[in-house]
Amino acid sequence: MCGITGFTGKQPALPFLLQGLSKLEYRGYDSAGVTLVNSRKLKTWKTKGRLSELEKKLPNDLAQSCGIGHTRWATHGVPSNMNAHPHMNSDNSISVVHNGIVENYAVLKKELLEEGYTFHSDTDSEVIVQLLDFYYRRKPVMKEALMRTVKRLEGSYALCVTSIYEPNTIYVAKKESPMVLGMSKEGTFCASDAPAMLEYTREILPLQDGQFAILNKDSLEVFDTDGKPAEKKWIHFPYDVQSAQKGGYDSFMMKEIHEQPSVIRETLRGRFRGTHVVLPNIEALDVDWNEIHETYFIACGTAYHACIYASGLYQRYTGKLSTAVPASEFRYSSPNVDGHTLCIFVSQSGETADTLAALKLAKAKGCPTIAVVNVLGSSIARQTDAVLYTAAGPEIAVASTKAYTTQLVLLHVLILKLAELYGVRVKGIGALIRDLKRLPEITEEVLKNEPFMKKCAGMLKDQRDAYFIGRQLDYPSALEGALKLKEVSYVHADAYYAGELKHGPIALIEKNTVVLALATQPDVAGKTISNIKETVARGARVILVTDQTMRADEFKYVVRIPELTPSLSAVPCAVLTQLFAYYAAKEKGCDIDKPRNLAKSVTVE
Ligand code: F6R
Numbered sequence: 039m040c041g042i043t044g045f046t047g048k049q050p051a052l053p054f055l056l057q058g059l060s061k062l063e064y065r066g067y068d069s070a071g072v073t074l075v076n077s078r079k080l081k082t083w084k085t086k087g088r089l090s091e092l093e094k095k096l097p098n099d100l101a102q103s104c105g106i107g108h109t110r111w112a113t114h115g116v117p118s119n120m121n122a123h124p125h126m127n128s129d130n131s132i133s134v135v136h137n138g139i140v141e142n143y144a145v146l147k148k149e150l151l152e153e154g155y156t157f158h159s160d161t162d163s164e165v166i167v168q169l170l171d172f173y174y175r176r177k178p179v180m181k182e183a184l185m186r187t188v189k190r191l192e193g194s195y196a197l198c199v200t201s202i203y204e205p206n207t208i209y210v211a212k213k214e215s216p217m218v219l220g221m222s223k224e225g226t227f228c229a230s231d232a233p234a235m236l237e238y239t240r241e242i243l244p245l246q247d248g249q250f251a252i253l254n255k256d257s258l259e260v261f262d263t264d265g266k267p268a269e270k271k272w273i274h275f276p277y278d279v280q281s282a283q284k285g286g287y288d289s290f291m292m293k294e295i296h297e298q299p300s301v302i303r304e305t306l307r308g309r310f311r312g313t314h315v316v317l318p319n320i321e322a323l324d325v326d327w328n329e330i331h332e333t334y335f336i337a338c339g340t341a342y343h344a345c346i347y348a349s350g351l352y353q354r355y356t357g358k359l360s361t362a363v364p365a366s367e368f369r370y371s372s373p374n375v376d377g378h379t380l381c382i383f384v385s386q387s388g389e390t391a392d393t394l395a396a397l398k399l400a401k402a403k404g405c406p407t408i409a410v411v412n413v414l415g416s417s418i419a420r421q422t423d424a425v426l427y428t429a430a431g432p433e434i435a436v437a438s439t440k441a442y443t444t445q446l447v448l449l450h451v452l453i454l455k456l457a458e459l460y461g462v463r464v465k466g467i468g469a470l471i472r473d474l475k476r477l478p479e480i481t482e483e484v485l486k487n488e489p490f491m492k493k494c495a496g497m498l499k500d501q502r503d504a505y506f507i508g509r510q511l512d513y514p515s516a517l518e519g520a521l522k523l524k525e526v527s528y529v530h531a532d533a534y535y536a537g538e539l540k541h542g543p544i545a546l547i548e549k550n551t552v553v554l555a556l557a558t559q560p561d562v563a564g565k566t567i568s569n570i571k572e573t574v575a576r577g578a579r580v581i582l583v584t585d586q587t588m589r590a591d592e593f594k595y596v597v598r599i600p601e602l603t604p605s606l607s608a609v610p611c612a613v614l615t616q617l618f619a620y621y622a623a624k625e626k627g628c629d630i631d632k633p634r635n636l637a638k639s640v641t642v643e
């Protein structure tokens with residue numbers, strides 16, 4: 039995720055670009071930059087860090103009336119001045135900002151290098167400006183150069199182009215990354231999201247996939263993929279600036295819950311070729327895979343729950359030994375690990391002190407290390423042997439939601455890769471990969487249960503406790519559901535293996551105690567249903583999450599997840615329990631995005 043703004047008009051562009059970018063900082067903030075155009079040249083300023091750092095670099099008297107701007111959330115190439123956008127061609131005549139992922143950038147870069155082009159950044163985005171340059175030199179018509187360029191791009195993009203050739207014009211194109219356009223008496227503008235332009239107008243024109251647009255100071259033209267004029271569908275934007283930054287949701291947590299279909303899609307992008315798993319940096323590791331005897335999955339909090347899930351999956355798919363350990367335990371446990379032990383670290387921030395210390399210990403013991411991280415260039419990402427990035431974008435709410443589900447998905451992909459490297463054939467891999475790819479749509483479907491989960495959360499109104507139960511791969515989902523509920527609503531919650539209930543915890547069940555049961559694993563779902571009946575007999579109110587086939591007529595509150603390979607049901611379960619926690623917190627009037635006593639990134643022990 040990145041933030042983009044563009045302005046061409048009758049007054050200086052910079053104020054619009056900067057105020058717009060400030061409204062989009064929720065989309066990314068690891069570097070920022072702007073290009074302003076006058077008739078003879080492009081002037082570009084960019085810097086690592088937040089927008090405020092860029093503002094310090096800018097002179098006061100910038101009167102150019104056309105320009106583009108960007109705040110970045112790095113996906114290829116660490117946050118740095120060099121990797122910040124805009125990117126320019128070699129004679130500084132064309133400038134481009136991009137949001138999205140160019141999946142085939144390596145192929146395009148190779149082609150352009152062979153044509154004599156030089157690259158100045160590690161980003162995938164730079165190929166766009168070089169490709170534009172390539173086509174523009176063949177035929178100097180920017181509209182055609184842009185059409186030919188975007189036809190070559192695989193993946194997602196929202197991009198803006200400005201050049202000295204048409205100094206008052208901005209070209210815009212979009213596929214699978216957001217881009218909106220607007221006009222007012224001040225000029226014509228574009229941005230990744232409406233909050234950037236709400237101070238100027240509430241009439242917004244969202245660009246559709248495959249469309250592109252040409253912005254001039256008093257005109258705005260939209261074209262379809264073939265360059266023919268397209269119908270403009272304006273919408274009136276109903277929110278004020280503050281609620282618009284949250285996409286109209288009342289909290290970042292809710293917005294991030296709803297972003298899950300798209301960030302899961304981004305995380306899976308380009309990971310499979312048929313049934314082959316495409317993770318080149320894992321393949322490139324200098325590891326004798328037959329000599330790996332044991333694997334540790336190490337993390338904290340929610341990321342640790344992803345590790346418990348991954349460990350179960352790993353044993354199931356590879357038949358090898360594995361353990362999930364909280365990083366705070368691993369680092370002090372004098373672990374018996376060596377070069378035959380693979381250590382996999384999971385972290386949203388990439389800065390968690392315990393996880394980083396555990397990584398350092400594993401490296402000191404000679405273990406091969408892999409990290410699954412969300413923040414590019416973070417300490418854990420830098421220090422591990424190989425890093426895989428979830429594409430969750432910035433997670434602003436303290437309670438982790440989209441980072442967790444993207445971890446589940448990426449760990450799944452990684453484990454399939456490890457099975458491949460061990461020479462183990464995973465049964466039903468074709469169907470599994472098909473279902474992994476369906477996860478964005480399935481998540482979309484699961485989100486439709488929001489009103490029902492709200493109703494279920496209402497059961498907690500006068501309750502101080504709740505219990506989450508599940509077996510096998512449902513157990514980490516129970517742990518995560520309980521953590522989310524505690525964190526945001528302050529309702530005390532515990533999670534148990536369903537079979538463990540009768541060995542003690544059932545003593546806590548009394549009239550109206552809320553039990554959320556996860557029974558999505560067909561081999562053991564029936565057993566979990568029997569355990570729920572034991573709680574119902576003691577007065578519990580049960581919410582049952584199960585698959586499409588399980589008989590559950592005797593329960594009043596049942597959610598059925600869409601048909602899916604059972605090892606993937608942790609994703610729908612997470613979405614449902616997130617909604618449950620959110621509405622419990624809302625019911626109790628809690629500060630959902632900033633729960634008491636918690637910090638987003640725990641960089642101290
Ligand atoms: C809970 C939550 C925390 C983090 C934990 C690890 O919602 O967000 O439990 O998961 O502090 O943080 P990262 O993933 O940044 O290492």
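Oh and the sequence shown: position 425 is 463 in my numbering, straight run, nothing missing.
Note that beta-carbon positions come from the ideal geometry of N, C-alpha and C, so glycine has one too.
These numbers were taken from a predicted model, which means no experiment stands behind them.
- The beta carbons of His108 and Gly41 sit closer together than 8 Å.
- The set of residues with CB atoms less than 5 Å from any heavy atom of ligand 1 reads, in chain order, Cys338, Gly339, Thr340, Ala341, Ser385, Gln386, Ser387, Thr390, Ala437, Ser438 and Val640.
- Here Tyr621 is not near Val464, since their CB atoms are 8 Å or more apart.
- Taken atom to atom, the span from the alpha-carbon of Lys632 to that of Gly388 is near 20 Å.
- Note: Tyr209 is bridge-paired with Val199 and Ile252 in the DSSP secondary-structure output.
- Of the residues Ala457, Cys345 and Val613, the one whose Cα lies closest to the Cα of Val410 is Cys345.
- Remark: C-beta atoms of Val597 and Val583 approach each other more closely than 8 Å.
- As summarised for the segment 62-143, the continuous beta strand (DSSP E) elements at least 3 residues long and confined to that stretch are 69-75, 80-86, 104-110 and 132-137, given in chain order.
- Lys440 and Lys177 have their C-alpha atoms spaced approximately 44 Å apart.
- The Cβ-Cβ distance between Cys228 and Ile208 falls below 8 Å.
- Contact between Ala504 and Ala531 holds, with the beta-carbon distance rounding to 5 Å and staying under 8 Å.
- Rounded to the nearest angstrom, the gap between the Cα atoms of Ala619 and Phe45 is 41 Å.
- Put simply, the backbone Cα of Arg502 is about 16 Å away from that of Pro543.
- In this structure, the beta-carbon distance from Thr361 to Phe383 does not fall below 8 Å.
- Per DSSP, reduced to three states, the secondary structure at Met491 is helical.
- Counting only runs of at least 3 residues, the segment 561-588 fully encloses the following beta strand (DSSP E) elements, listed from N- to C-terminal order: 579-584.
- Counting only the Cα atoms, Val413 lies some 8 Å from Pro432.
- With 16 or more other Cβ atoms inside 10 Å of its own Cβ, Ala429 counts as buried.
- DSSP, reduced to helix, strand and coil, places His378 outside both helices and strands of the structure shown, so it counts as coil.
- As the crow flies, the alpha-carbon of Tyr334 is around 10 Å from that of Ala365.
- Distances from the CA of Ile252 to each of Thr239, Gly220, Asp231 and Ala612 were compared; the closest alpha carbon is that of Gly220.
- For Tyr442, the uninterrupted alpha helix (DSSP H) segment begins and ends at Lys440 to Tyr460.
- At a cut-off of 4 residues, the continuous stretches assigned as alpha helix (DSSP H) that sit fully inside the segment 593-642 are 608-625.
- Under DSSP, Tyr505 shares a beta bridge with Asp532 and Val553.
- For Trp111, the closest of Asp500, Ile434, Ala337 and Ala516 by C-alpha to C-alpha distance is Ile434.
- In the DSSP annotation of this structure, Met235 is not part of any beta strand (DSSP E), being labelled neither H nor E.
- When DSSP states are grouped into helix, strand and coil, Thr46 belongs to the strand group.
- Residues Gly350, Gln559, Asp561 and Val562 of the same chain have their beta carbon placed closer than 8 Å to that of Gln510, with the five preceding and five following residues left out of the count.
- Residue environment analysis places Ser438 among the buried positions, since at least 16 neighbouring C-beta atoms fall within 10 angstroms of its C-beta.
- If only uninterrupted beta strand (DSSP E) runs of at least 3 residues are considered, those enclosed by the segment 325-405 are 332-337, 359-364 and 379-385.
- For the pair Leu399 and Ala322, the Cα-to-Cα distance works out to about 23 Å.
- Looking at the backbone, the Cα of Thr200 and that of Leu52 are separated by about 14 Å.
- Sorting Ala337, Asp500 and Pro216 by C-alpha distance to the C-alpha of Ala396 places Ala337 at the top.
- When only Cα atoms are considered, Tyr427 and Gln298 end up about 15 Å apart.
- The C-alpha of Thr443 lies about 38 Å from the C-alpha of Thr156.
- Going by C-alpha positions, Ile166 is about 8 Å away from Val188.
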